[in-house]
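Taken in order, the sequence shown gives residues 1 to 404; the numbers are from full-length UniProt numbering.
Where a beta carbon is used, it is the ideal one built from N, C-alpha and C, also for glycine.
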Amino acid sequence: MRAESRNGATLSELKNPKTLKRSSSFLNPQTAFIHEITHQEMGLLFRPLLAQRLGLAFFKQPSLSSLLCSVHQRGRRYSTTCVAECDGLLDGDDNDDAKVREKDAALRLALSRLSGDFGRESMLSLQRFFRSRRPPIISTGSLKLDLALGIGGLPKGRIVEIYGQEASGKTTLALHIIKEAQKLGGYCAYLDIENAMDPSLAESMGVNTENLLFHIPVAALVPQCELDVVIDGAYRDAQSRIITQALRKIHSSLSRSRTLIVFVNQVRSSPSAGQDFGPMDEVTCGGNALRFYAAVRLRIKRTRLLKTEDKVTGLGICVQVVKNKLAPAMKKADLGIQFGRGLCLESEVFQLACEHGLIAKEGSSYLIGRKVFSTEHAAEQYLAKNDALFDKAVTILRKMMFER
(Lines of atoms letter the chains of each structure in order from A and count residues from 1; the text may use other names and numbers.)
(Lines give C-alpha, C1' and ligand atoms only; values in the text may rest on other atoms or scores of the structure.)
Protein backbone atom coordinates (compact mmCIF):
# COMPACT_ATOMS: atom_id res chain seq x y z
CA MET A 1 0.00 0.00 0.00
CA ARG A 2 1.24 3.53 -0.77
CA ALA A 3 1.11 6.56 1.52
CA GLU A 4 1.88 10.01 0.23
CA SER A 5 1.97 13.49 1.67
CA ARG A 6 0.59 16.45 -0.16
CA ASN A 7 3.97 17.00 -1.99
CA GLY A 8 4.15 13.38 -3.13
CA ALA A 9 6.74 11.95 -0.73
CA THR A 10 6.34 8.20 -0.29
CA LEU A 11 6.24 6.40 3.06
CA SER A 12 9.60 4.71 2.44
CA GLU A 13 11.18 8.07 1.83
CA LEU A 14 9.70 9.44 5.02
CA LYS A 15 11.17 6.47 6.92
CA ASN A 16 14.71 7.42 5.90
CA PRO A 17 16.21 10.17 8.13
CA LYS A 18 18.08 11.71 5.24
CA THR A 19 14.93 11.91 3.19
CA LEU A 20 13.12 13.36 6.22
CA LYS A 21 15.68 16.15 6.46
CA ARG A 22 15.46 16.87 2.72
CA SER A 23 11.67 16.84 2.83
CA SER A 24 11.41 19.27 5.73
CA SER A 25 10.35 21.92 3.28
CA PHE A 26 7.07 20.19 2.41
CA LEU A 27 6.28 18.84 5.92
CA ASN A 28 4.80 21.09 8.57
CA PRO A 29 6.48 20.93 12.02
CA GLN A 30 3.70 18.84 13.61
CA THR A 31 3.80 16.16 10.90
CA ALA A 32 7.61 16.07 10.95
CA PHE A 33 7.55 15.54 14.71
CA ILE A 34 5.17 12.59 14.32
CA HIS A 35 7.37 10.90 11.71
CA GLU A 36 10.52 11.43 13.78
CA ILE A 37 9.00 9.92 16.93
CA THR A 38 7.50 6.95 15.13
CA HIS A 39 10.79 6.26 13.33
CA GLN A 40 12.85 6.30 16.49
CA GLU A 41 10.54 4.31 18.79
CA MET A 42 7.96 2.28 16.90
CA GLY A 43 8.66 2.41 13.21
CA LEU A 44 5.48 3.03 11.31
CA LEU A 45 3.01 2.32 14.17
CA PHE A 46 1.87 5.37 16.11
CA ARG A 47 1.26 5.07 19.83
CA PRO A 48 -2.39 5.59 20.81
CA LEU A 49 -1.37 8.11 23.46
CA LEU A 50 0.53 10.21 20.92
CA ALA A 51 -2.35 10.10 18.49
CA GLN A 52 -4.77 11.13 21.22
CA ARG A 53 -2.55 14.02 22.29
CA LEU A 54 -2.34 15.39 18.74
CA GLY A 55 -6.04 14.95 18.08
CA LEU A 56 -5.64 12.01 15.70
CA ALA A 57 -8.17 9.25 15.17
CA PHE A 58 -7.30 5.57 14.71
CA PHE A 59 -9.41 2.55 13.85
CA LYS A 60 -8.74 -1.15 14.12
CA GLN A 61 -9.82 -3.65 11.45
CA PRO A 62 -10.30 -7.39 12.11
CA SER A 63 -7.07 -8.43 10.39
CA LEU A 64 -4.99 -5.26 10.21
CA SER A 65 -4.31 -2.20 12.33
CA SER A 66 -5.20 0.83 10.26
CA LEU A 67 -4.18 4.21 11.62
CA LEU A 68 -5.99 7.07 9.94
CA CYS A 69 -4.46 10.40 10.88
CA SER A 70 -6.08 13.66 9.90
CA VAL A 71 -4.39 16.94 10.84
CA HIS A 72 -5.99 20.32 10.20
CA GLN A 73 -3.84 23.42 9.98
CA ARG A 74 -4.63 26.81 8.45
CA GLY A 75 -7.68 25.47 6.67
CA ARG A 76 -5.65 22.82 4.80
CA ARG A 77 -5.81 19.10 5.46
CA TYR A 78 -2.81 16.78 5.50
CA SER A 79 -3.70 13.08 5.32
CA THR A 80 -1.43 10.14 5.94
CA THR A 81 -2.63 6.53 5.99
CA CYS A 82 -0.38 3.82 7.45
CA VAL A 83 -1.12 0.10 7.45
CA ALA A 84 0.74 -2.38 9.65
CA GLU A 85 0.11 -5.86 10.92
CA CYS A 86 -1.80 -6.15 14.18
CA ASP A 87 0.73 -7.23 16.80
CA GLY A 88 -1.33 -6.52 19.93
CA LEU A 89 0.53 -3.38 20.95
CA LEU A 90 -2.58 -1.23 20.64
CA ASP A 91 -4.50 -3.36 23.16
CA GLY A 92 -1.60 -3.51 25.59
CA ASP A 93 -2.25 -7.14 26.58
CA ASP A 94 1.44 -7.97 26.88
CA ASN A 95 2.09 -4.88 28.98
CA ASP A 96 -0.84 -5.66 31.30
CA ASP A 97 0.32 -9.26 31.81
CA ALA A 98 3.81 -8.07 32.58
CA LYS A 99 2.49 -5.57 35.13
CA VAL A 100 0.37 -8.27 36.81
CA ARG A 101 3.36 -10.60 37.08
CA GLU A 102 5.48 -7.77 38.44
CA LYS A 103 2.89 -6.88 41.10
CA ASP A 104 2.47 -10.53 42.08
CA ALA A 105 6.22 -10.95 42.49
CA ALA A 106 6.43 -7.76 44.57
CA LEU A 107 3.60 -8.93 46.84
CA ARG A 108 5.19 -12.33 47.41
CA LEU A 109 8.52 -10.69 48.17
CA ALA A 110 6.91 -8.37 50.73
CA LEU A 111 5.08 -11.26 52.43
CA SER A 112 8.26 -13.32 52.60
CA ARG A 113 10.12 -10.42 54.21
CA LEU A 114 7.34 -9.92 56.77
CA SER A 115 7.34 -13.62 57.58
CA GLY A 116 11.10 -13.61 58.02
CA ASP A 117 11.13 -10.54 60.26
CA PHE A 118 8.05 -11.14 62.42
CA GLY A 119 7.40 -14.89 62.13
CA ARG A 120 4.00 -16.56 62.00
CA GLU A 121 2.17 -13.56 63.47
CA SER A 122 2.67 -11.66 60.21
CA MET A 123 0.79 -14.19 58.06
CA LEU A 124 -2.00 -12.40 56.23
CA SER A 125 -3.90 -15.48 55.06
CA LEU A 126 -7.59 -15.78 55.92
CA GLN A 127 -7.19 -19.50 56.64
CA ARG A 128 -4.96 -18.64 59.59
CA PHE A 129 -7.85 -17.00 61.45
CA PHE A 130 -10.75 -19.12 60.17
CA ARG A 131 -10.05 -22.84 60.00
CA SER A 132 -13.51 -23.72 58.70
CA ARG A 133 -16.30 -22.03 56.81
CA ARG A 134 -18.74 -22.42 59.69
CA PRO A 135 -17.73 -20.94 63.06
CA PRO A 136 -17.64 -23.20 66.13
CA ILE A 137 -20.77 -22.74 68.19
CA ILE A 138 -22.31 -23.46 71.57
CA SER A 139 -26.01 -24.25 71.60
CA THR A 140 -28.37 -22.14 73.66
CA GLY A 141 -30.31 -25.24 74.70
CA SER A 142 -33.35 -24.13 72.71
CA LEU A 143 -33.82 -25.44 69.17
CA LYS A 144 -36.09 -22.54 68.27
CA LEU A 145 -33.55 -19.98 69.40
CA ASP A 146 -30.72 -21.81 67.64
CA LEU A 147 -32.82 -21.73 64.48
CA ALA A 148 -33.45 -17.99 64.89
CA LEU A 149 -29.71 -17.40 65.28
CA GLY A 150 -29.16 -19.02 61.89
CA ILE A 151 -25.94 -20.88 62.74
CA GLY A 152 -27.24 -23.32 65.33
CA GLY A 153 -26.08 -21.50 68.45
CA LEU A 154 -23.77 -18.81 69.79
CA PRO A 155 -20.35 -18.39 68.12
CA LYS A 156 -17.19 -19.11 70.05
CA GLY A 157 -14.60 -16.37 70.34
CA ARG A 158 -17.24 -13.63 70.36
CA ILE A 159 -19.15 -11.45 72.80
CA VAL A 160 -22.89 -11.98 73.33
CA GLU A 161 -25.25 -9.63 75.15
CA ILE A 162 -28.57 -10.72 76.64
CA TYR A 163 -30.73 -7.89 77.90
CA GLY A 164 -34.32 -7.28 78.90
CA GLN A 165 -36.66 -6.28 81.69
CA GLU A 166 -36.54 -7.80 85.16
CA ALA A 167 -37.84 -11.35 85.62
CA SER A 168 -37.86 -12.03 81.88
CA GLY A 169 -35.63 -15.13 81.84
CA LYS A 170 -32.17 -13.68 81.18
CA THR A 171 -30.40 -15.67 83.90
CA THR A 172 -32.32 -18.82 82.97
CA LEU A 173 -31.11 -18.59 79.37
CA ALA A 174 -27.54 -17.95 80.55
CA LEU A 175 -27.62 -21.07 82.75
CA HIS A 176 -28.82 -23.17 79.81
CA ILE A 177 -25.88 -21.89 77.76
CA ILE A 178 -23.54 -22.95 80.58
CA LYS A 179 -25.10 -26.42 80.60
CA GLU A 180 -24.58 -26.83 76.85
CA ALA A 181 -20.97 -25.62 77.12
CA GLN A 182 -20.27 -28.16 79.87
CA LYS A 183 -21.67 -30.91 77.64
CA LEU A 184 -18.97 -30.04 75.09
CA GLY A 185 -16.26 -30.34 77.75
CA GLY A 186 -15.76 -26.62 78.23
CA TYR A 187 -14.86 -24.71 81.38
CA CYS A 188 -17.39 -22.15 82.55
CA ALA A 189 -17.10 -19.24 84.97
CA TYR A 190 -20.04 -17.31 86.40
CA LEU A 191 -19.52 -13.81 87.80
CA ASP A 192 -22.60 -13.04 89.88
CA ILE A 193 -22.60 -9.27 90.11
CA GLU A 194 -26.27 -9.01 91.11
CA ASN A 195 -26.03 -11.76 93.78
CA ALA A 196 -28.90 -13.62 92.10
CA MET A 197 -27.39 -17.09 91.69
CA ASP A 198 -29.42 -20.03 93.03
CA PRO A 199 -27.35 -23.26 93.05
CA SER A 200 -30.39 -25.50 93.44
CA LEU A 201 -32.07 -23.90 90.43
CA ALA A 202 -28.90 -24.29 88.38
CA GLU A 203 -28.66 -27.98 89.29
CA SER A 204 -32.31 -28.55 88.39
CA MET A 205 -31.57 -27.14 84.93
CA GLY A 206 -28.69 -29.58 84.44
CA VAL A 207 -25.71 -27.36 85.30
CA ASN A 208 -22.77 -29.16 86.90
CA THR A 209 -22.12 -26.78 89.78
CA GLU A 210 -19.05 -28.70 90.96
CA ASN A 211 -17.16 -27.82 87.78
CA LEU A 212 -18.54 -24.30 87.59
CA LEU A 213 -16.17 -21.47 88.49
CA PHE A 214 -18.18 -19.01 90.54
CA HIS A 215 -17.32 -15.61 91.95
CA ILE A 216 -19.21 -12.70 93.48
CA PRO A 217 -17.21 -9.47 93.03
CA VAL A 218 -17.27 -7.27 96.10
CA ALA A 219 -17.29 -4.06 94.10
CA ALA A 220 -19.87 -5.43 91.63
CA LEU A 221 -18.33 -3.49 88.74
CA VAL A 222 -18.64 -0.21 90.62
CA PRO A 223 -15.86 2.23 89.65
CA GLN A 224 -13.37 2.98 92.40
CA CYS A 225 -14.10 6.69 92.16
CA GLU A 226 -17.69 6.00 93.25
CA LEU A 227 -16.60 3.82 96.16
CA ASP A 228 -14.25 6.47 97.53
CA VAL A 229 -16.77 9.30 97.73
CA VAL A 230 -20.16 9.89 99.29
CA ILE A 231 -23.33 8.71 97.63
CA ASP A 232 -24.35 12.08 96.21
CA GLY A 233 -21.02 12.54 94.42
CA ALA A 234 -21.41 13.06 90.67
CA TYR A 235 -19.30 10.75 88.52
CA ARG A 236 -20.97 10.45 85.16
CA ASP A 237 -20.03 7.83 82.56
CA ALA A 238 -17.27 6.33 84.72
CA GLN A 239 -18.63 2.81 84.29
CA SER A 240 -18.96 3.26 80.52
CA ARG A 241 -15.33 4.33 80.19
CA ILE A 242 -14.12 1.37 82.25
CA ILE A 243 -16.18 -1.12 80.22
CA THR A 244 -14.93 0.39 76.97
CA GLN A 245 -11.31 0.03 78.05
CA ALA A 246 -11.84 -3.53 79.28
CA LEU A 247 -13.53 -4.64 76.06
CA ARG A 248 -10.69 -3.25 73.97
CA LYS A 249 -8.22 -5.31 75.98
CA ILE A 250 -10.03 -8.65 75.87
CA HIS A 251 -11.57 -8.48 72.40
CA SER A 252 -8.48 -9.64 70.50
CA SER A 253 -7.68 -12.48 72.91
CA LEU A 254 -11.21 -13.91 72.67
CA SER A 255 -10.77 -14.91 69.04
CA ARG A 256 -7.47 -16.70 69.67
CA SER A 257 -8.75 -18.61 72.71
CA ARG A 258 -12.24 -19.24 71.27
CA THR A 259 -13.83 -18.07 74.50
CA LEU A 260 -17.49 -17.10 74.59
CA ILE A 261 -18.44 -14.25 76.92
CA VAL A 262 -22.12 -13.71 77.69
CA PHE A 263 -23.15 -10.41 79.29
CA VAL A 264 -26.51 -10.32 81.06
CA ASN A 265 -27.52 -6.68 81.00
CA GLN A 266 -30.36 -4.59 82.33
CA VAL A 267 -32.36 -1.89 80.59
CA ARG A 268 -33.20 1.62 81.67
CA SER A 269 -35.94 3.97 80.53
CA SER A 270 -34.79 7.06 78.69
CA PRO A 271 -36.93 9.91 77.32
CA SER A 272 -37.19 10.01 73.56
CA ALA A 273 -35.17 12.70 71.83
CA GLY A 274 -37.18 15.89 71.46
CA GLN A 275 -40.25 14.49 73.26
CA ASP A 276 -41.42 15.57 76.69
CA PHE A 277 -44.35 13.15 76.79
CA GLY A 278 -44.99 9.71 75.40
CA PRO A 279 -43.39 6.29 75.73
CA MET A 280 -39.87 5.98 77.09
CA ASP A 281 -37.09 4.35 75.10
CA GLU A 282 -35.21 1.34 76.49
CA VAL A 283 -31.44 1.70 76.72
CA THR A 284 -28.91 -0.77 78.10
CA CYS A 285 -26.43 -0.01 80.83
CA GLY A 286 -22.72 0.47 80.23
CA GLY A 287 -22.83 2.80 77.26
CA ASN A 288 -22.48 1.94 73.58
CA ALA A 289 -19.21 -0.01 73.78
CA LEU A 290 -20.86 -3.33 74.63
CA ARG A 291 -23.38 -2.88 71.83
CA PHE A 292 -20.54 -2.30 69.40
CA TYR A 293 -18.28 -5.19 70.46
CA ALA A 294 -21.09 -7.75 70.80
CA ALA A 295 -21.43 -10.07 67.82
CA VAL A 296 -24.90 -11.21 68.93
CA ARG A 297 -27.45 -9.24 70.94
CA LEU A 298 -30.58 -10.94 72.28
CA ARG A 299 -33.52 -8.99 73.62
CA ILE A 300 -35.89 -10.91 75.92
CA LYS A 301 -39.44 -9.79 76.55
CA ARG A 302 -42.09 -11.42 78.70
CA THR A 303 -45.25 -12.05 76.71
CA ARG A 304 -47.63 -14.16 78.80
CA LEU A 305 -48.10 -16.33 81.88
CA LEU A 306 -48.26 -20.11 81.71
CA LYS A 307 -51.01 -21.54 83.90
CA THR A 308 -51.98 -25.03 85.00
CA GLU A 309 -55.32 -25.36 86.77
CA ASP A 310 -55.50 -21.64 87.51
CA LYS A 311 -51.97 -21.63 88.91
CA VAL A 312 -49.10 -19.72 87.32
CA THR A 313 -46.41 -22.29 86.56
CA GLY A 314 -44.23 -20.46 84.09
CA LEU A 315 -43.63 -17.61 81.69
CA GLY A 316 -43.93 -17.18 77.98
CA ILE A 317 -41.07 -15.10 76.54
CA CYS A 318 -40.07 -13.79 73.14
CA VAL A 319 -36.37 -13.69 72.27
CA GLN A 320 -35.48 -11.33 69.43
CA VAL A 321 -32.09 -11.42 67.69
CA VAL A 322 -31.43 -7.69 67.56
CA LYS A 323 -27.90 -7.97 66.19
CA ASN A 324 -26.16 -10.87 64.48
CA LYS A 325 -22.85 -10.60 62.62
CA LEU A 326 -22.94 -14.18 61.35
CA ALA A 327 -26.49 -14.54 60.02
CA PRO A 328 -29.53 -12.40 59.22
CA ALA A 329 -30.82 -10.65 62.32
CA MET A 330 -34.24 -9.48 63.55
CA LYS A 331 -35.63 -13.00 63.91
CA LYS A 332 -37.76 -14.07 66.86
CA ALA A 333 -38.29 -17.23 68.89
CA ASP A 334 -41.22 -17.80 71.25
CA LEU A 335 -40.11 -19.88 74.23
CA GLY A 336 -41.60 -21.09 77.49
CA ILE A 337 -40.01 -21.15 80.94
CA GLN A 338 -41.21 -23.54 83.64
CA PHE A 339 -40.60 -22.35 87.18
CA GLY A 340 -37.93 -24.47 88.84
CA ARG A 341 -36.99 -26.34 85.62
CA GLY A 342 -35.95 -23.79 83.05
CA LEU A 343 -36.87 -23.79 79.38
CA CYS A 344 -39.73 -26.00 78.22
CA LEU A 345 -37.60 -28.04 75.84
CA GLU A 346 -40.10 -30.90 75.55
CA SER A 347 -42.70 -28.60 74.06
CA GLU A 348 -40.19 -27.19 71.53
CA VAL A 349 -38.97 -30.60 70.42
CA PHE A 350 -42.53 -31.89 70.14
CA GLN A 351 -43.65 -28.97 67.95
CA LEU A 352 -40.60 -29.14 65.68
CA ALA A 353 -40.89 -32.93 65.40
CA CYS A 354 -44.48 -32.55 64.22
CA GLU A 355 -43.47 -29.87 61.70
CA HIS A 356 -40.63 -31.98 60.24
CA GLY A 357 -42.60 -35.23 60.12
CA LEU A 358 -40.86 -37.10 62.93
CA ILE A 359 -44.16 -37.44 64.80
CA ALA A 360 -47.23 -38.35 62.76
CA LYS A 361 -50.46 -36.53 63.50
CA GLU A 362 -53.88 -37.75 62.44
CA GLY A 363 -56.71 -35.57 63.64
CA SER A 364 -56.22 -35.16 67.37
CA SER A 365 -54.06 -38.29 67.73
CA TYR A 366 -50.26 -38.46 67.70
CA LEU A 367 -48.14 -41.43 66.71
CA ILE A 368 -44.70 -41.76 68.32
CA GLY A 369 -43.02 -44.95 67.25
CA ARG A 370 -45.72 -47.58 67.68
CA LYS A 371 -47.65 -45.79 70.40
CA VAL A 372 -50.71 -43.65 69.81
CA PHE A 373 -51.64 -40.74 72.09
CA SER A 374 -54.98 -39.03 72.03
CA THR A 375 -53.83 -35.65 73.42
CA GLU A 376 -50.85 -33.38 72.87
CA HIS A 377 -50.06 -33.22 76.57
CA ALA A 378 -49.81 -37.00 76.83
CA ALA A 379 -47.48 -37.15 73.83
CA GLU A 380 -45.24 -34.43 75.32
CA GLN A 381 -45.05 -36.20 78.66
CA TYR A 382 -44.09 -39.47 76.99
CA LEU A 383 -41.36 -37.71 75.01
CA ALA A 384 -40.08 -35.96 78.14
CA LYS A 385 -39.88 -39.15 80.23
CA ASN A 386 -38.12 -41.17 77.53
CA ASP A 387 -34.62 -39.65 77.53
CA ALA A 388 -33.23 -41.87 74.77
CA LEU A 389 -36.10 -41.02 72.44
CA PHE A 390 -35.84 -37.32 73.31
CA ASP A 391 -32.08 -37.16 72.59
CA LYS A 392 -32.57 -39.05 69.32
CA ALA A 393 -35.26 -36.60 68.22
CA VAL A 394 -33.02 -33.62 69.05
CA THR A 395 -30.12 -35.12 67.08
CA ILE A 396 -32.28 -35.77 64.02
CA LEU A 397 -33.81 -32.30 64.15
CA ARG A 398 -30.39 -30.64 64.37
CA LYS A 399 -29.20 -32.54 61.30
CA MET A 400 -32.32 -31.59 59.38
CA MET A 401 -32.22 -27.89 60.32
CA PHE A 402 -28.53 -27.01 60.52
CA GLU A 403 -26.55 -29.55 58.46
CA ARG A 404 -27.95 -28.83 55.03
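query	result
Three-state secondary structure assigned by DSSP to Tyr293	helix
Cα-Cα separation between His176 and Lys371, rounded to whole angstroms	31 Å
Outcome for Asn288 when other beta-carbon atoms lying within 10 angstroms are tallied against a minimum of 16	exposed
Rounded C-alpha distance that separates Thr140 from Pro223	32 Å
Given 8 Å, three or more beta-carbon pairs between the segment 179-192 and the segment 280-287	no
Secondary structure of Val394, DSSP reduced to three states	helix
Reduced DSSP secondary structure (H/G/I, E/B, other) of Val222	coil
Ala174 and Val262 closer than 8 Å at C-beta	yes
Bridge partner(s) assigned by DSSP for Asp281	Ser270
Beta carbon of Gly342 nearer than 8 Å to that of Met205	yes
Test item: CB-CB of Lys331 and Cys318 under 8 Å	no
Proximity of residue 417 and Arg297 at Cβ, strictly below 8 Å	With the chain running from 1 to 404 in the structure shown, residue 417 is simply not present.
Stretch-stretch touch, CB-based, cutoff 8 Å, three pairs: the segment 248-261 with the segment 142-162	yes
First and last residue of the uninterrupted alpha helix (DSSP H) at Val349	345-355
Test item: CB-CB of Ser142 and Glu348 under 8 Å	yes
Three-way DSSP call (helix, strand, coil) for Gly88 in this model	Annotation note: pLDDT 47 at Gly88 (below 50); position unreliable, no value reported.
Which of helix, strand or coil DSSP assigns to Phe263	strand
Neighbour-count burial assignment, Ile193, 16 or more Cβ in a 10 Å radius	exposed
Given Thr395 as reference, the closest of Tyr293, Gly152, Asn195 once Cα atoms are compared	Gly152
Coil, strand or helix - Val100 by DSSP	helix
Beta-carbon contacts of Gly340 that lie in its chain and below 8 Å, excluding the five residues immediately before and after	Leu201, Ser204
Nearest-angstrom Cα separation, counted from Tyr366 out to Leu149	30 Å
Beta-carbon gap between Leu260 and Ile138 smaller than 8 Å	yes
Cβ neighbour criterion (16 or more within 10 Å) applied to Glu309	exposed
Which listed residue (Ser168, Pro199, Gln351) has its alpha carbon closest to that of Ala384	Gln351
Delimiting residues of the alpha helix (DSSP H) encompassing Leu143	143-149
Cβ-Cβ distance between Tyr190 and Ile178 below 8 Å	yes
Proximity winner among Gly119, Gln320, Val312, relative to Ala329 (alpha-carbon distances)	Gln320
Cβ-Cβ distance between Pro217 and Thr209 below 8 Å	no
Distance between Pro136 and Gln165 (C-alpha atoms, nearest Å)	30 Å
Beta bridge counterpart(s) of Thr308 as assigned by DSSP	Lys311
Distance, Arg108 Cα to Glu346 Cα	56 Å
Per-residue DSSP class, three states only, for Ile193	coil
Nearest-angstrom Cα separation, counted from Met401 out to Val229	55 Å
Simplified DSSP assignment, three categories, for Asn95	helix
Status (buried if at least 16 other CB within 10 Å, exposed otherwise) for Thr172	buried
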